[in-house]
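**Q** Got a structure here, written out as structure tokens. Questions coming.
There are 2 protein chains.
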Amino acid sequence: MMLEEGLYTQQKIVETRSGLWNCIKECSERGLVYSVRWAAEMLAGLKSPNTLDAPFSSTPTAELEEDTTTTNERILEFKEETTYTLAKAYFDCKEFERAAYTLQHCKSSKSLFLRLYSKYLSGEKKIEEEADTVMSSIYPASSASRELYSISETLDSVQKQGNQDPYLLYLSGIINRRRKQYAKAIDFLLSCVRKTPYFWSAWQELSLCLDSPEVLASVIRRLSNDHVMTKVFIVYASHELHQINSSVYEKLAEVDSLFPTSRHLRIQRALLAYDTRDFDDAEELFEVILKSDPYRLDDMDTYSNILFVLE
Amino acid sequence: MMLEEGLYTQQKIVETRSGLWNCIKECSERGLVYSVRWAAEMLAGLKSPNTLDAPFSSTPTAELEEDTTTTNERILEFKEETTYTLAKAYFDCKEFERAAYTLQHCKSSKSLFLRLYSKYLSGEKKIEEEADTVMSSIYPASSASRELYSISETLDSVQKQGNQDPYLLYLSGIINRRRKQYAKAIDFLLSCVRKTPYFWSAWQELSLCLDSPEVLASVIRRLSNDHVMTKVFIVYASHELHQINSSVYEKLAEVDSLFPTSRHLRIQRALLAYDTRDFDDAEELFEVILKSDPYRLDDMDTYSNILFVLE
């Protein structure tokens with residue numbers, strides 16, 4: 001048995017680290033830049049294990065066993081590697097339609113994700129462009145809605161055939177939320193985060209589907225309550241809904257013990273102080289954050305509100 | 312001995328492929344998205360080897376031997392992996408100053424490159440922003456020029472200490488060209504492409520330093536004349552300088568035999584036809600390109616000129 005230190009064992013730290021690295025790899029392969037940023041920040045804030053050499057036993061055996069689906073996916077990904085690399089290169093240069101077109105004959109879930117995500121982003125771009133034209137008031141974002149519909153059709157059809165790829169579930173979540181189908185979106189996003197717990201954008205989408213403390217409570221009941229990410233989510237979603245109570249602070253303290261220098265958690269603490277109108281504390285916390293991260297842009301609107309109130 | 316097929320042996324194909332993959336890895340790690348795109352396109356256009364299993368002897372031994380510098384760099388990169396990943400994540404979210412700040416205490420050449428390149432891009436952003444203000448006519452891009460100066464100081468100092476990292480040489484090339492120090496820029500860029508021959512942005516920068524056929528000829532004399540990239544460059548730079556002769560077509564044919572379906576080379580052929588006012592041929596070539604790559608944006612200005620002339 002390993003020695004426990006506070007809440008989290010050495011094994012837990014090592015597992016969390018490998019989970020975050022894996023998330024960074026998967027998300028950067030898929031162009032999910034904001035999730036990469038979040039996971040990289042969390043990794044930088046993670047507690048150091050006593051030793052860098054993780055005992056082999058700390059690798060969950062589940063990771064070593066592959067089902068047929070995973071094996072098939074890997075074979076497809078290997079076959080499609082050159083095409084995928086080209087499509088991803090176009091994607092990174094913001095050539096979304098070109099990326100989608102390049103992947104048109106690819107079969108792996110990874111390729112399908114990048115193809116549909118590229119289409120989605122190119123649709124978003126069109127909405128922005130159409131919003132600037134006179135016609136937008138008459139035909140609001142017509143081509144973009146058609147695009148959304150066609151993405152949704154494709155997702156439905158592969159998921160009916162049993163495809164449970166977490167990134168495709170995430171896309172289904174986004175699209176259902178866009179169509180105000182919140183209950184369906186929540187189902188998809190819960191399936192997604194159960195498979196890829198460190199994929200932050202999925203948690204953010206999930207939080208955007210919640211319009212009341214009751215819905216939040218029902219979502220929490222459907223999550224594994226001992227996973228660190230469930231706790232991170234509870235803190236985040238409670239702030240978003242302005243539902244702060246002592247249990248939220250408890251969760252934050254628990255997560256803090258695993259990620260003692262996490263920027264994300266420091267910001268959460270500052271935002272909770274702001275929510276509870278504890279402006280002096282909030283200002284102090286923001287100052288500490290900005291000392292180590294002076295070029296931060298996110299949440300600076302809240303900081304300037306605080307300074308304004310304290311003037 | 313291996314069987315030759317035309318100009319390029321099996322070994323050459325395998326070596327080129329591994330060179331391109333390596334370039335894609337290095338450039339995407341460094342945020343050099345346009346070079347990744349170019350290398351990925353070339354890889355997609357490369358001739359297939361007869362067998363996917365390259366004999367071990369085809370791996371140049373040079374790749375297996377590492378000098379002390381390389382070993383030291385690898386140790387530093389390993390130590391800085393988490394910090395680098397975080398900085399790269401900020402970079403990918405276009406938070407350039409935040410990326411640079413994150414890397415401030417890092418020592419590897421890779422980290423130094425991303426730090427300076429981030430500063431450079433943030434300076435470019437400022438120039439764009441300042442160009443929109445009234446003050447720009449009085450103080451043209453002042454903060455950005457100071458930024459360039461400070462990047463240049465840092466590069467000079469590490470290079471004086473013997474640092475010959477190709478990506479840092481590339482940055483020195485960019486900065487010297489920006490300061491109209493063309494001869495110095497050419498020296499830096501030649502040193503760069505000798506070390507990383509598939510790094511396309513360096514070749515493009517080099518081409519931008521040439522203002523006459525004489526300078527082009529002198530640069531070509533300083534390049535290894537049997538490397539495929541020298542030939543690719545000659546074709547590209549000759550088009551840029553509008554210096555087309557039969558030797559350029561010969562070079563293009565030689566490279567074509569190694570990259571039979573390369574989009575880059577097809578475009579080069581179309582541009583050469585346009586340069587020599589062979590508009591019918593040029594139009595036909597563009598049509599073939601657009602059939603397989605309908606969402607292409609680069610060079611479409613030339614295509615519309617061609618259509619206009621042929622009307």
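Chains as they are written, first to last, in the numbering used here: chain A, 1 to 311; chain B, 312 to 622. Built from N, CA and C at the ideal position, the CB exists for glycine as well.
Checking 8 Å against the spacing of the C-beta atoms, do A:A185 and A:C192 come in under that value?
**A** Stepping through the first sequence from its first residue, residue 185 of chain A is reached at position 185. Stepping through the first sequence from its first residue, residue 192 of chain A is reached at position 192. Going by beta carbons, A:A185 and A:C192 fall outside the 8 Å limit.
**Q** Just checking, does the stretch 471 to 491 of chain B make contact with the stretch 322 to 336 of chain B on the three C-beta pairs under 8 Å criterion?
**A** Per the Cβ contact rule, the stretch 471 to 491 of chain B is not in contact with the stretch 322 to 336 of chain B (fewer than 3 Cβ pairs under 8 Å).
**Q** Within 10 Å of its beta-carbon, does A:F56 have 16 or more other beta-carbons around it, so buried, or fewer, so exposed?
**A** Numbered from its first residue, the first sequence carries residue 56 of chain A at position 56. In this prediction, A:F56 has a pLDDT of 40, which is less than 50 and means its spatial position is unreliable; what the coordinates show is noted afterwards. With fewer than 16 other Cβ atoms within 10 Å, it is exposed.
**Q** Decide if A:G162 is buried, meaning its Cβ has at least 16 other Cβ atoms within 10 Å, or exposed.
**A** Residue numbering aside, residue 162 of chain A sits at position 162 when the first sequence is read from its first letter. When all chains shown are included, A:G162 counts as exposed.
**Q** Run through DSSP, which three-state label would A:T261 get?
**A** Your numbering for residue 261 of chain A matches position 261 in the first sequence. Coil.
**Q** For the stretch 256 to 263 of chain A and the stretch 42 to 49 of chain A, state whether three or more C-beta atom pairs, one from each stretch, are separated by less than 8 Å.
**A** The stretch 256 to 263 of chain A, when compared against the stretch 42 to 49 of chain A, does touch it at the 8 Å Cβ threshold.
**Q** At a CB-CB cut-off below 9 Å, which residues of chain B make contact with A:L43?
**A** Here residue 43 of chain A refers to the residue found at position 43 when the first sequence is read from its first residue. Neighbours of A:L43 on chain B, chain order: T393, T396 and L397.
**Q** Apart from the five residues just before and just after B:F424, which ones in its own chain have a Cβ nearer than 8 Å to its Cβ?
**A** Residue numbering aside, residue 424 of chain B sits at position 113 when the second sequence is read from its first letter. Once the five neighbours on either side are set aside, the close Cβ partners of B:F424 are R341, D476, Y478, L479 and L482.
**Q** Decide if A:L7 is buried, meaning its Cβ has at least 16 other Cβ atoms within 10 Å, or exposed.
**A** On the first sequence, position 7 is the one that residue 7 of chain A refers to. It is exposed - the Cβ of A:L7 has fewer than 16 other Cβ atoms within 10 Å.
**Q** Determine the burial state of B:I578: buried for a count of at least 16 other Cβ atoms within 10 Å of its Cβ, exposed for fewer.
**A** Position 267 of the second sequence, counted from the first residue, corresponds to residue 578 of chain B. B:I578 comes out buried.
**Q** Going by DSSP in three states, B:Y606 sits in which element: helix, strand or coil?
**A** Sequence index remark: in the second sequence, residue 606 of chain B carries index 295 (1-based). Three-state result, B:Y606: coil.
**Q** Hey, is B:M608's beta-carbon within less than 8 Å of any beta-carbon in chain A?
**A** In the second sequence, residue 608 of chain B corresponds to position 297, counting from 1. First, the residue type needs correcting, since residue 608 of chain B is Leu and not Met in the sequence shown. Yes - at least one Cβ of chain A is within 8 Å of the one on B:L608.
**Q** How about B:L583 and B:V620: do their beta carbons lie closer than 8 Å?
**A** The residue you call residue 583 of chain B lines up with position 272 of the second sequence. The residue you call residue 620 of chain B lines up with position 309 of the second sequence. Contact flag unset, no.
**Q** Within the stretch 51 to 130 of chain A, note down every full alpha helix (DSSP H) run reaching 4 residues or more, in order along the chain.
**A** 68 to 79, 81 to 92 and 96 to 102
**Q** Give the DSSP-derived three-state secondary structure of B:P508 in the structure shown.
**A** Taking the second sequence and counting its residues from 1, the one referred to as residue 508 of chain B is at position 197. Three-state DSSP puts B:P508 in coil, outside helix and strand.
**Q** If we ignore side chains and look at the alpha-carbon of each, how far apart do A:E317 and A:T154 end up?
**A** Residue numbering for chain A in the displayed model covers 1 to 311; residue 317 of chain A lies beyond these limits and cannot be assessed.
**Q** Run down chain A in chain order and give the residues with a C-beta less than 8 Å from the C-beta of B:C404.
**A** As a working mapping, residue 404 of chain B is identified with position 93 in the second sequence. Within chain A, the residues near B:C404 are V33, Y34 and R37.
**Q** Please classify B:D467: does DSSP put it in a helix, a strand, or coil?
**A** In the second sequence, residue 467 of chain B corresponds to position 156, counting from 1. In this structure, B:D467 counts as helix in the three-state DSSP scheme.
**Q** Would DSSP call B:E622 helix, strand or coil?
**A** Within the second sequence, the letter at position 311 stands for residue 622 of chain B. Three-state result, B:E622: coil.
**Q** Exposed or buried, what is B:R426 when buried is set at 16 or more other beta-carbons lying within 10 Å of its beta-carbon?
**A** Translated into the one-based positions of the second sequence, residue 426 of chain B becomes position 115. Sixteen is the threshold: when 16 or more other Cβ atoms of the shown chains lie within 10 Å of the Cβ of B:R426, as they do, the residue is buried.
**Q** Looking at the structure shown, is B:I555 part of a helix, part of a strand, or coil, going by DSSP?
**A** If you number the second sequence from 1, residue 555 of chain B lands on position 244. DSSP places B:I555 in coil when its eight states are reduced to three.
**Q** Residues in the same chain with beta-carbon distance under 6 Å from A:L223, minus the five sequence neighbours each way, listed in chain order, please.
**A** On the first sequence, position 223 is the one that residue 223 of chain A refers to. For A:L223, where only same-chain residues beyond five positions count, the Cβ hits under 6 Å are T230.
**Q** Hey, is B:I617's beta-carbon within less than 8 Å of any beta-carbon in chain A?
**A** What you label residue 617 of chain B is simply residue 306 of the second sequence in a count that begins at 1. No - not a single Cβ of chain A is within 8 Å of the one on B:I617.
**Q** Are the beta-carbon atoms of B:L397 and B:S419 separated by less than 8 Å?
**A** Within the second sequence, residue 397 of chain B is the residue found at index 86, counting from 1. Within the second sequence, residue 419 of chain B is the residue found at index 108, counting from 1. Not a contact, by the Cβ cut-off of 8 Å.
**Q** Taking only three categories from DSSP, how would you classify B:L521?
**A** To locate residue 521 of chain B, count along the second sequence from 1; it is residue 210. Coil at B:L521, not helix or strand.
**Q** Taking any Cβ of chain B, which residues in the stretch 10 to 33 of chain A have a Cβ under 7 Å from it, in chain order?
**A** Residues passing the 7 Å Cβ filter: I24 and V33.
**Q** Quick check on the DSSP output: the alpha helix (DSSP H) that includes A:P166 runs from which residue to which?
**A** Indexing the first sequence from 1 puts residue 166 of chain A at position 166. Unbroken alpha helix (DSSP H) run through A:P166: P166 to R178.
**Q** With 16 as the cutoff for other CB atoms within 10 Å, does A:D256 come out buried or exposed?
**A** As a first step, residue 256 of chain A must be located in the first sequence, where it is residue number 256. Buried, because 16 or more other Cβ atoms sit within 10 Å of the Cβ of A:D256.
**Q** With a Cβ-Cβ cutoff of 8 Å, do B:Y395 and B:K421 count as a contact?
**A** As a working mapping, residue 395 of chain B is identified with position 84 in the second sequence. As a working mapping, residue 421 of chain B is identified with position 110 in the second sequence. Cβ distance < 8 Å, so B:Y395 and B:K421 count as in contact.
**Q** Using the Cβ count rule (16 or more neighbours within 10 Å means buried), how would you classify B:Y585?
**A** Counting from one through the second sequence, the residue named residue 585 of chain B turns up at place 274. So B:Y585 counts as buried.
**Q** Which same chain residues, not among the five before or five after A:A62, have their C-beta less than 7 Å away from its C-beta?
**A** Here residue 62 of chain A refers to the residue found at position 62 of the first sequence. In this prediction, A:A62 scores a pLDDT of 46, lower than 50, which makes its location untrustworthy; no coordinate-derived value is stated.
**Q** Which residues in the same chain have their Cβ closer than 7 Å to the Cβ of B:K506, if we skip the five residues on either side of it in sequence?
**A** One-based indexing of the second sequence puts residue 506 of chain B at position 195. Excluding sequence neighbours, B:K506 sits near P477.
**Q** How close, in whole Å, do the beta carbons of B:Y606 and A:E97 come, if the pair is a contact with beta carbons under 8 Å?
**A** Locating residue 606 of chain B in the second sequence gives position 295, where the first residue counts as 1. Locating residue 97 of chain A in the first sequence gives position 97, where the first residue counts as 1. About 4 Å; that satisfies the 8 Å criterion.
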